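**Q** Just passing along the structure, written as structure tokens.
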Amino acid sequence: MERILFLSTVLLFFCFNQTNAAWQTVGNVTTYTKLQNGIVLNTTSGAKIEITIFQPEVVRVRLAANGVFERNWSYAIDTRRDRQTAIGDVTVTTDEIEISNPAGARVVVKKLNCLISIYDSNGNLIVEDDASKPLSFNNENGASETSKKRNDIELYYGFGEKALPISRHNQNMVMWNTDTFAYPPGLDPIYQSIPFFIALNQGKAYGVFLNNTHRTYFDMGKQDPSRYTFGTPGGELDYFVFTGGHERTPKYVLHDYAELTGTSSLPPLWALGNQQSRWSYAPESKVREIANKFIENKIPLDVLYLDIDYMEGYRVFTWDNKKFPDPKKLIADLRAQGIRTIVIIDPGIKVDENYYVYKDGVEKDVFVKTVDGKELHALVWPGVCAFPDFTKKDARDWFGTFYKKHIDEGIAGFWNDMNEPGVFIPSEIKEPNTYHHPLKTFPLDSQHEGDGLKGAHSRYHNVYGMQMARSTDEGLRKLQPDKRPFVLTRAGFAGIQRYSAVWTGDNQATWDHLALTIPMLTNLSVSGVPFVGADVGGFTGNPSPELYARWLQAAALTPFLRSHSEVASKPQEPFAFGGEFTKINRSTIELRYRFLPYIYTLFYKHERDGQPVMRPLWFGYPKDIKTYLIEDEYLVGKDLLVAPVLREGRTKRNVYFPLGDDWMDWYSGQVYKGGTNAEVDAPIDHLSLFARVGSTIPTQATVQNTDAMKNVPIILNVISGIAENKTEESSLFQDNGDGYDYKSSKNWRDVKIEHKRGIITIKRYGYNGTFQPIKYVKAIGFPAQSKEVRIDGVVTTDFVYESARKILTITLPNDEVKEITVQR
Ligand code: MIG
Numbered sequence: 143m144e145r146i147l148f149l150s151t152v153l154l155f156f157c158f159n160q161t162n163a164a165w166q167t168v169g170n171v172t173t174y175t176k177l178q179n180g181i182v183l184n185t186t187s188g189a190k191i192e193i194t195i196f197q198p199e200v201v202r203v204r205l206a207a208n209g210v211f212e213r214n215w216s217y218a219i220d221t222r223r224d225r226q227t228a229i230g231d232v233t234v235t236t237d238e239i240e241i242s243n244p245a246g247a248r249v250v251v252k253k254l255n256c257l258i259s260i261y262d263s264n265g266n267l268i269v270e271d272d273a274s275k276p277l278s279f280n281n282e283n284g285a286s287e288t289s290k291k292r293n294d295i296e297l298y299y300g301f302g303e304k305a306l307p308i309s310r311h312n313q314n315m316v317m318w319n320t321d322t323f324a325y326p327p328g329l330d331p332i333y334q335s336i337p338f339f340i341a342l343n344q345g346k347a348y349g350v351f352l353n354n355t356h357r358t359y360f361d362m363g364k365q366d367p368s369r370y371t372f373g374t375p376g377g378e379l380d381y382f383v384f385t386g387g388h389e390r391t392p393k394y395v396l397h398d399y400a401e402l403t404g405t406s407s408l409p410p411l412w413a414l415g416n417q418q419s420r421w422s423y424a425p426e427s428k429v430r431e432i433a434n435k436f437i438e439n440k441i442p443l444d445v446l447y448l449d450i451d452y453m454e455g456y457r458v459f460t461w462d463n464k465k466f467p468d469p470k471k472l473i474a475d476l477r478a479q480g481i482r483t484i485v486i487i488d489p490g491i492k493v494d495e496n497y498y499v500y501k502d503g504v505e506k507d508v509f510v511k512t513v514d515g516k517e518l519h520a521l522v523w524p525g526v527c528a529f530p531d532f533t534k535k536d537a538r539d540w541f542g543t544f545y546k547k548h549i550d551e552g553i554a555g556f557w558n559d560m561n562e563p564g565v566f567i568p569s570e571i572k573e574p575n576t577y578h579h580p581l582k583t584f585p586l587d588s589q590h591e592g593d594g595l596k597g598a599h600s601r602y603h604n605v606y607g608m609q610m611a612r613s614t615d616e617g618l619r620k621l622q623p624d625k626r627p628f629v630l631t632r633a634g635f636a637g638i639q640r641y642s643a644v645w646t647g648d649n650q651a652t653w654d655h656l657a658l659t660i661p662m663l664t665n666l667s668v669s670g671v672p673f674v675g676a677d678v679g680g681f682t683g684n685p686s687p688e689l690y691a692r693w694l695q696a697a698a699l700t701p702f703l704r705s706h707s708e709v710a711s712k713p714q715e716p717f718a719f720g721g722e723f724t725k726i727n728r729s730t731i732e733l734r735y736r737f738l739p740y741i742y743t744l745f746y747k748h749e750r751d752g753q754p755v756m757r758p759l760w761f762g763y764p765k766d767i768k769t770y771l772i773e774d775e776y777l778v779g780k781d782l783l784v785a786p787v788l789r790e791g792r793t794k795r796n797v798y799f800p801l802g803d804d805w806m807d808w809y810s811g812q813v814y815k816g817g818t819n820a821e822v823d824a825p826i827d828h829l830s831l832f833a834r835v836g837s838t839i840p841t842q843a844t845v846q847n848t849d850a851m852k853n854v855p856i857i858l859n860v861i862s863g864i865a866e867n868k869t870e871e872s873s874l875f876q877d878n879g880d881g882y883d884y885k886s887s888k889n890w891r892d893v894k895i896e897h898k899r900g901i902i903t904i905k906r907y908g909y910n911g912t913f914q915p916i917k918y919v920k921a922i923g924f925p926a927q928s929k930e931v932r933i934d935g936v937v938t939t940d941f942v943y944e945s946a947r948k949i950l951t952i953t954l955p956n957d958e959v960k961e962i963t964v965q966r
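Under the working numbering, the first residue of the sequence shown is numbered 143, with each subsequent residue one higher.
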């Protein structure tokens, strides 16, 4: 630890020490060239700065320290989207240059020291260079950095995957994907790097994305609370500022970031089911035993994972024929039980002349090279390995084709691990194996193709994992064009959401790690990655029955739900903790399946608008400053608030209800006013859950797996107590759970449910198909037996009232009902 501290101090010294002769500021603006959407400034130092209105409410700043801009291309940016060049009008006065969009952002540059200020569309200043630290660069080593003025109360969220508290103000963070087995809370960096953040200050948000794949760093007020600094040791300092438009909401900022870097496409429905993993379920009899136990115990399950021990000597795309004599049969048998199989695929390819993948790789010249142009070799599970250069299209395509074998065997999805990339430190190295030992990845001077811009590992390290996931995703799309791919990755970079779901690596079976899952997953979510989860129960160590049960509850409504644990850990399945706990864990997983129609709808929406599935409270309630540091509750979409117990031995917990809405206890119907706190009961078998008053949440009865959802009736849970004169719209997206009909004119529908006091209107948009019928409307928290219920104007008697739970359940005669009216 001391060593790490020492190293980072040295690093900080080099990053921030601008008295070093080679560091210099860009100097003053001399001449300029106008562009259609902005300007290129020349400066006294010879550096050039391009400032453009990238989108009406997105400003881009690029620094070419040596006067030559790099290729205008980025792994982060979603090239599938059409973008029009925005207008950036330029006006020049003696001292200043102004770049503005008629309806959007405005930038003012002071010629003296080239100081940049950025304004939102209402004319409010949002980001301003710190005049005491102008834009600077180091002409000897290619480093550059910029500092912005900071208001002491401004908070920062995002930055991808960080084992840090929810707001990252006063933190100094590094972007460098690292295999950090059993990372302690507070360790930085870990597996994924996303150099994007959302700033929030008294209800107003903006965002910044540093479009640079090197080992960049962000000091968010740690060194000096009056500014924040970000920079890079190499490549172009290229950053985007998302002004948030006239709204200045986090939602708006994230929408614009998603427009830039893309969204996740709708996953197959089964991938939202419960998933079970372990390092490793092997041999095949063990896998069957686990599957059977889930079924015997009636615990819902959609997926089982095979970790590294299914392979022959850890050679990817092979099977250990002793442990798995007939994989195809095993996979088919599991499938007949409603369970899909996912296998792990690592990037390291064993150097072995008799191994078909290696031989072919050598022939096709796909591997990463050393600085001398030789095949790079490093040690991982299989022994000495070569590594596909995933920054080369041919290598991505090549790797992608190998999945065919597994697809033909019936494997449903793939898990990419060790892709930071992480490698083993050779045993002759006697130094301690610290979390951030430089030998844990490729040498920094290793050579990558970089899709047309050859470069060193120091430039491409952070996108290696993302490009591996891309190779898997693209490979699967080609191999099975009628199915939606499912890929899970450990490493990633900005834009990873286009290719994969993400899990948070090797966490620990401790209460602190359980608590850490909420700030980690919500921050990943607001970094543009919706499909996120943590190993339930903790990867290293053994959770107590209580810890596992609480962890499962906390995770039950997170986007990706998977239990996973380390080799040699005790059994960590929901039925492994004894009778009472089997029951508790079963009902937790059943809860997940009840909410699947709601969660699936959120994923459908995400693809279109970039909004996260799992949300921190501040994201939904940016005007309520009391939400800003809450990290023990989260929202699912905008209508559900989850408040799990995260500490040992507790059977009550305090819940904060965000201001602006009222919240109803899902089980008891009790209403809590927004802006208040309450102490709620949370016995060991209970996950505290609150629904937003006025919303309508679609659920279903629980099922053993997603295959069994067909024809299961949908329940529309109307949360009573909507204000007079208010209208709330909720939705339910339905299709057959896989494939691409939902992008065509068949087989999907998007149901809009409008709720006014006493009236529910159901509007079905879309196309013909077979859908789970909307069968019940449940008015939850309904004060008394209703006097009259009408369905499409006709009086019905098909309703019951349970006074204890205050639930009025109306049964609909068919799936075409348009309007339900209820009289108190
Ligand atoms: O060096 O495949 O994070 O989930 O079980 C360890 C074995 C490699 C690390 C992953 C973990 C997985 C394990 N892997």
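Cβ atoms here follow ideal geometry from the backbone N, Cα and C, with glycine treated the same way.
These numbers come from a predicted model, not from an experiment.
1. Considering only their Cβ atoms, is the gap separating Ser862 from Ala921 smaller than 8 Å?
2. Can you name the residues that DSSP bridges to Lys952?
3. Taking Gln846 as the reference, give the member of Arg477, Lys905, Asn184 and Trp693 with the closest Cα.
4. CB Thr700 to CB Leu744, shorter than 8 Å?
5. State buried or exposed for Lys547, treating a residue as buried only when at least 16 other CB atoms are found within 10 Å of its CB.
6. Hey, would you say the C-beta of Asp648 is under 7 Å away from at least one heavy atom of the ligand MIG?
7. What did DSSP end up calling Gly284 once you bin it into helix, strand or coil?
8. Excluding the 5 residues preceding and the 5 following Arg601 in the sequence, name in chain order all residues of the same chain whose CB lies nearer than 8 Å to its CB.
9. Taking 8 Å as the threshold (C-beta atoms), are Gln417 and Phe532 in contact?
10. DSSP three-state label for Ile487, please.
11. Once DSSP output is grouped into helix, strand and coil, what is the label at Thr151?
12. Using the rule of at least 16 other Cβ atoms within 10 Å of the residue's Cβ for burial, across every protein chain shown, is Gln444 buried or exposed?
13. Which whole-angstrom value is the C-beta distance of Tyr333 and Ala633, which I expect to be below 8 Å?
14. Which value, in whole angstroms, describes the spacing of the CA atoms of Phe369 and Asp271?
15. For Leu581, which three-state DSSP category applies?
16. Below 8 Å on the Cβ atoms is my guess for Arg92 versus Lys780; work out the distance and round it to an integer in Å.
17. Using a Cβ-Cβ cutoff of less than 7 Å, which residues in the same chain neighbour Leu352 once the five nearest sequence positions on both sides are dropped?
18. Excluding the 5 residues flanking Arg310 on each side, which residues of the same chain have their C-beta closer than 6 Å to its C-beta?
19. Give me, in chain order, the residues of the same chain whose beta-carbon lies closer than 6 Å to that of Leu154; leave out the 5 immediate sequence neighbours on both sides.
20. Please determine if the segment 229 to 240 and the segment 179 to 199 are in contact, where contact requires at least 3 C-beta pairs separated by less than 8 Å.
21. When every heavy atom of the ligand MIG is checked, does at least one fall within less than 7 Å of the C-beta of Phe717?
22. Give the straight-line distance between the Cα atoms of Arg906 and Gly265, rounded to the nearest whole angstrom.
23. Closer than 7 Å to a non-hydrogen atom of the ligand MIG - does that hold for the CB of Arg202?
24. In this structure, does DSSP put Lys253 in helix, strand or coil?
25. What whole-angstrom Cβ distance do Val565 and Ala611 have, given they're in contact under 8 Å?
26. When every heavy atom of the ligand MIG is checked, does at least one fall within less than 7 Å of the C-beta of Ile332?
27. Taking the alpha-carbon positions, what's the Gly923 to Asn575 distance?
28. Starting from His599, follow the alpha helix (DSSP H) in both directions and report where the run begins and ends.
29. Does the beta-carbon distance from Asp774 to Ile660 come in below 8 Å?
30. Assuming Val395 contacts Gly345 under a Cβ cut-off of 8 Å, what Cβ separation, rounded to an integer in Å, is found between them?
31. Where Pro580 and Asp514 are concerned, what is the direct C-alpha to C-alpha distance, given to the nearest angstrom?
32. Out of Pro627, Ser422 and Arg728, which one is the CA nearest neighbour of Ser642?
33. Select from Ile904, Asp677, Leu831 and Ser887 the residue whose C-alpha is nearest the C-alpha of Ile856.
34. Ser830 by DSSP, collapsed to three states: which one?
35. Taking all protein chains shown into account, decide if Leu783 is buried (16 or more other Cβ within 10 angstroms of its Cβ) or exposed.
36. Could you tell me the distance, in whole angstroms, from the CA atom of Glu505 to the CA atom of Val499?
**A** This is what the structure gives:
1. For the pair Ala921 and Ser862, the CB atoms are nearer than the 8 Å cut-off.
2. The sequence as given places Ile at residue 952; Lys does not occur at that position. Answer by DSSP bridge pairing, in chain order: Val919 and Phe941.
3. Arg477
4. no
5. A residue is called buried once 16 or more other Cβ atoms fall within 10 Å of its Cβ, and Lys547, having fewer, is exposed.
6. Yes, since a heavy atom of the ligand MIG falls inside the 7 Å radius drawn around the Cβ of Asp648.
7. Note: Gly284 maps to coil in three-state DSSP.
8. Thr355, His356, Gly376, Gly377, His590 and Gly592
9. no
10. In the structure shown, Ile487 sits in a strand (DSSP, three-state: E or B).
11. Residue placement at Thr151 cannot be trusted, given a pLDDT of 42 that sits under 50; what the coordinates show is reported in the next sentence. Looking at Thr151 - three-state DSSP - the assignment turns out to be helix.
12. Reading off the sequence, residue 444 comes out as Asp, not Gln. By the 10 Å Cβ count, Asp444 comes out buried.
13. 5 Å
14. According to the sequence shown, residue 369 is Arg rather than Phe. Those two C-alpha atoms are separated by around 9 Å.
15. helix
16. Because the chain spans 143 through 966 in this model, residue 92 falls outside it and cannot be assessed.
17. Pro337, Thr358, Phe372 and Tyr381
18. The answer, listed in chain order, is Tyr298, Phe301 and Met362.
19. At Leu154 the pLDDT is 43, less than 50, meaning the model places this residue with poor confidence and gives no usable figure here.
20. yes
21. no
22. When rounded, the distance between both Cα atoms is 41 Å.
23. no
24. coil
25. Cβ-Cβ separation between Val565 and Ala611: approximately 18 Å, too far for a contact (criterion under 8 Å).
26. Not under cutoff, so the answer is no.
27. Cα to Cα, Gly923 sits roughly 57 Å from Asn575.
28. Per DSSP, the continuous alpha helix (DSSP H) segment holding His599 begins and ends at His599 to Leu621.
29. yes
30. Not really, about 13 Å apart at Cβ, beyond 8 Å.
31. 20 Å
32. Checked all of Pro627, Ser422 and Arg728; the closest Cα to Ser642 is Pro627.
33. Ile904
34. When DSSP states are grouped into helix, strand and coil, Ser830 belongs to the strand group.
35. It counts as buried.
36. 10 Å
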